[in-house]
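Here the sequence shown stands for residues 19 to 148, where the numbers follow our numbering.
We put the beta carbon where it would ideally sit given N, CA and C, even for glycine.
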Amino acid sequence: EERRALELLASVARAVAPGREVSQVRMEVADGAGWFRLEGEGEGVDLTRRRALRGILRALVDHKTDPSRAPLGLDEVLEAGWPGEKMSPESGARRVYVTINRLRKLGLGELLLTTGDGYALAPRVDVVRV
């Protein structure tokens, strides 16, 4: 058991070593962001009844097509998910944080980046609109 644990630890260390090659991930997204599917993940994730998630994913995908843009700020994400709605800044921030977390749990995980400036899909994500 100890040897197996050491082998596992070594493989994890190699996986997170600096300079390792990171593979691209293909993400198919339906027109309007009604669903998305990551390559190798089988079934897609249906967002047709999740307006806020769909709007935010659509904004992230649109942002991805213009890599010169800064990440989407909190206000941009809020407007994408809840267009025209009025709410307190705290309530808006909470909605954004919860919804971003939900997108991660639905499969985007580490592919949905949070930076000091906002949110973006990771550079290794190749978005294909279908």
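Within a Cβ cutoff of 7 Å, which residues of the same chain sit near glycine 125, ignoring the five residues on either side of it in sequence?
Within the same chain, Leu56, Glu59, Val63 come within 7 Å of glycine 125 by CB-CB distance, once the 5 residues on both sides are set aside.
Aspartate 64 bridges to which residues according to DSSP?
BP columns for aspartate 64 point to Trp53.
For valine 143, count neighbouring Cβ atoms within 10 angstroms of its own Cβ and tell me buried if that reaches 16, exposed if not.
A residue is called buried when at least 16 other Cβ atoms come within 10 angstroms of its Cβ; valine 143 meets this threshold and is buried.
Which residues DSSP lists as bridging methionine 45, in chain order
Answer is Leu56, Val145.
Contact belief for alanine 70 with threonine 117 at Cβ below 8 Å, rounded distance in angstroms:
Between alanine 70 and threonine 117, the beta carbon gap of about 5 Å places them in contact (Cβ cut-off 8 Å).
Taking just the CA atoms, how far does arginine 72 sit from threonine 66?
Looking at the two C-alpha atoms, the distance is approximately 7 Å.
Please report the straight-line C-alpha distance between glycine 99 and valine 148, rounded to a whole angstrom.
Their Cα atoms are separated by approximately 21 Å.
Using the beta-carbon count (16 or more within 10 Å), is glycine 50 buried or exposed?
Of the other Cβ atoms in all chains shown, fewer than 16 fall within 10 Å of the Cβ of glycine 50; this residue is therefore exposed.
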